[in-house]
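So the protein sequences, as listed, match chains A and B.
Under our numbering, the first residue of the first sequence is numbered 1, with each subsequent residue one higher.
Under our numbering, the first residue of the second sequence is numbered 138, with each subsequent residue one higher.
Each residue gets a CB set at the ideal place from its N, CA and C atoms; glycine is no exception.
These figures come from a predicted structure and were not determined experimentally.
Below is one structure, written out as C-alpha cells; comments come after it.
2 protein chains.
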Amino acid sequence: MAAHPGLVDQWRSLVTCYNTVACALDRALQDAHGLTMSEFETLDRLVEAGAAKRRVQEIAADMYLSQSALSRTIARLEKNGLVLRGMCESDRRGVFVSLTDEGRSRHAAAAVTHRAILGEHLTPADEPSTEKAELIT
Amino acid sequence: MAAHPGLVDQWRSLVTCYNTVACALDRALQDAHGLTMSEFETLDRLVEAGAAKRRVQEIAADMYLSQSALSRTIARLEKNGLVLRGMCESDRRGVFVSLTDEGRSRHAAAAVTHRAILGEHLTPADEPSTEKAELIT
DNA sequence: AAGCATTAATTTCTGGCGAAATTAATCCGC
DNA sequence: GCGGATTAATTTCGCCAGAAATTAATGCTT
Numbered sequence: 001m002a003a004h005p006g007l008v009d010q011w012r013s014l015v016t017c018y019n020t021v022a023c024a025l026d027r028a029l030q031d032a033h034g035l036t037m038s039e040f041e042t043l044d045r046l047v048e049a050g051a052a053k054r055r056v057q058e059i060a061a062d063m064y065l066s067q068s069a070l071s072r073t074i075a076r077l078e079k080n081g082l083v084l085r086g087m088c089e090s091d092r093r094g095v096f097v098s099l100t101d102e103g104r105s106r107h108a109a110a111a112v113t114h115r116a117i118l119g120e121h122l123t124p125a126d127e128p129s130t131e132k133a134e135l136i137t
Numbered sequence: 138m139a140a141h142p143g144l145v146d147q148w149r150s151l152v153t154c155y156n157t158v159a160c161a162l163d164r165a166l167q168d169a170h171g172l173t174m175s176e177f178e179t180l181d182r183l184v185e186a187g188a189a190k191r192r193v194q195e196i197a198a199d200m201y202l203s204q205s206a207l208s209r210t211i212a213r214l215e216k217n218g219l220v221l222r223g224m225c226e227s228d229r230r231g232v233f234v235s236l237t238d239e240g241r242s243r244h245a246a247a248a249v250t251h252r253a254i255l256g257e258h259l260t261p262a263d264e265p266s267t268e269k270a271e272l273i274t
C-alpha cells in the first residue's frame, strides 16, 4: 500500500500548475481580446496550418476537444467574423474552416498576450529559475 | 519575437498531460464509484483533515474550486449521504462539514482506483521512465 | 447600541463541455 | 445501382463551473 506515495503529490502539483496557468490565460485572453482559450487554440491551429484547413475533426484531434465542442467553438468564431466555414467539394460531408483577415489579426494580437502569460508562469526550460517552483510547491 | 519558442510546446504538453490523466480519472471514478473528480477531491481533503473540518472555504483554498462550486459539490455529497453539514457554534456563519461512515468507506474504495489511474499515467518520480515525467519537470 | 463594512455560505444565472441522438454524404458488398 | 454500415458535422440534452447577487452573522467605529 502507498507504494508510490509521491504520486498523489505529483498529480496535485500538476493540477495546480495547470489551473494556475489556464485561469490566468483565460482571464487575459478574455479581457484583452474577447477570446476563450478554446477559441484562441482553434485560431492557433488554423494559423499553424497556413492554408485553409478542412476537417473539423482534424483540428479537434490536435486539441483535446470533443467534436461537438469544437463545432460550437467554430460557430462562435464564425459569428464573430474570425473564421469562415465552407463546403468541401471532394467530400461533401466535410467542412472547410478558414481564417478571415480579422481572424488572423486578432490571433496575432492575442498570441502576444498568450506568450506573455506563459512566460510569467512557466520557465523557459533552458533557464531553470525560481519561478515555477512556487507554483508547484 | 519567439524569444522562447519552447514555451508554447511546454504548455501544450502540460495541457495534454493534464487532460489525459483528468479524463481517465474522471471516467474511472465515475464508472466505478459514482464520484466526480471534485467530489473525490473533497472527500480526500476531509479524510486528510482527520477530524471534522469547518470552513468550506478552507477546503476550497486547497482545491482550486470556487466557493460556489464547492458549496454545490458538498450539497451533492450530502444528498448522497457521504458528508454531513452542521452548524458551527463559535461562528454561526461557518458550516462544519464532516464525513459519514459511508463517506469514509466510499473514499477508501475510490482512493484505490485513484492511485491506480495515477500509476498508469504518471511515473513514480524515483524511477524516471519513458512516460510523462518529462512534462512535469 | 446603531450603522456600515466585511466575511461565510448559498443561490441564481449564464456559458461551455461531453455523450448521445440526428442529419447527411460516402463507402462497400452484392 | 441498392441497402446497410460508416464517417463528418451538428444539435439536443443534462451537468458542472465561475461571476454576481443574496442572505445572514460578525466586527468595527463612533
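Judged by DSSP secondary structure, residue 182 of chain B falls outside any beta strand (DSSP E) and instead within the alpha helix (DSSP H) spanning 174–186. Of all residues in the region 28–50 of chain A, none is placed with a Cβ closer than 7 Å to any Cβ belonging to chain B. Straight-line spacing of the CA atoms in residue 211 of chain B and residue 149 of chain B works out to 32 Å. With 16 or more neighbouring CB atoms inside 10 Å of its own CB, residue 234 of chain B falls in the buried class. In this structure, residue 82 of chain A lies near residue 102 of chain A, with their beta-carbon atoms less than 7 Å apart.
Counting only residues of its own chain and dropping the five nearest sequence neighbours on each side, residue 70 of chain A has a CB closer than 6 Å to the CB of 56, 60. Between residue 225 of chain B and residue 191 of chain B, the C-beta spacing is below 7 Å. Excluding its 5 nearest sequence neighbours in each direction, residue 223 of chain B has C-beta neighbours in its own chain below 6 Å: 233, listed in chain order. Judged by DSSP in its simplified three-state form, residue 143 of chain B adopts helix. Between residue 46 of chain A and residue 99 of chain A, the gap from beta carbon to beta carbon is short of 7 Å. Within the region 198–258 of chain B, the runs of beta strand (DSSP E) that reach at least 3 residues and sit entirely inside it are, in chain order, 220–224, 232–236. Spanning the alpha carbons of residue 112 of chain A and residue 62 of chain A requires a straight line of approximately 21 Å. Contact check between the region 17–30 of chain A and the region 146–163 of chain B: three or more CB pairs, one atom from each, fall below 8 Å, which counts as touching.
At least one beta carbon of chain A lies nearer than 7 Å to the beta carbon of residue 156 of chain B. If you check the CB distance, residue 166 of chain B and residue 245 of chain B do not come in under 7 Å. Between the alpha carbons of residue 50 of chain A and residue 203 of chain B lies a gap of roughly 39 Å. Inter-residue distance for residue 146 of chain B and residue 176 of chain B is about 32 Å (C-alpha atoms, whole angstroms). Take the alpha-carbon of residue 106 of chain A and the one of residue 178 of chain B: they are about 38 Å apart. Annotation for residue 58 of chain A: no residue places its beta carbon closer than 8 Å to its own, counting only its chain and skipping 5 residues before and after. For the 7 Å CB-CB criterion, residue 259 of chain B and residue 7 of chain A form a contact.
Per the coordinates, the alpha-carbon of residue 37 of chain A lies some 31 Å from the alpha-carbon of residue 170 of chain B.
Of the candidates A/27, A/104, A/26, A/48, A/104 places its Cα closest to the Cα of residue 80 of chain A.
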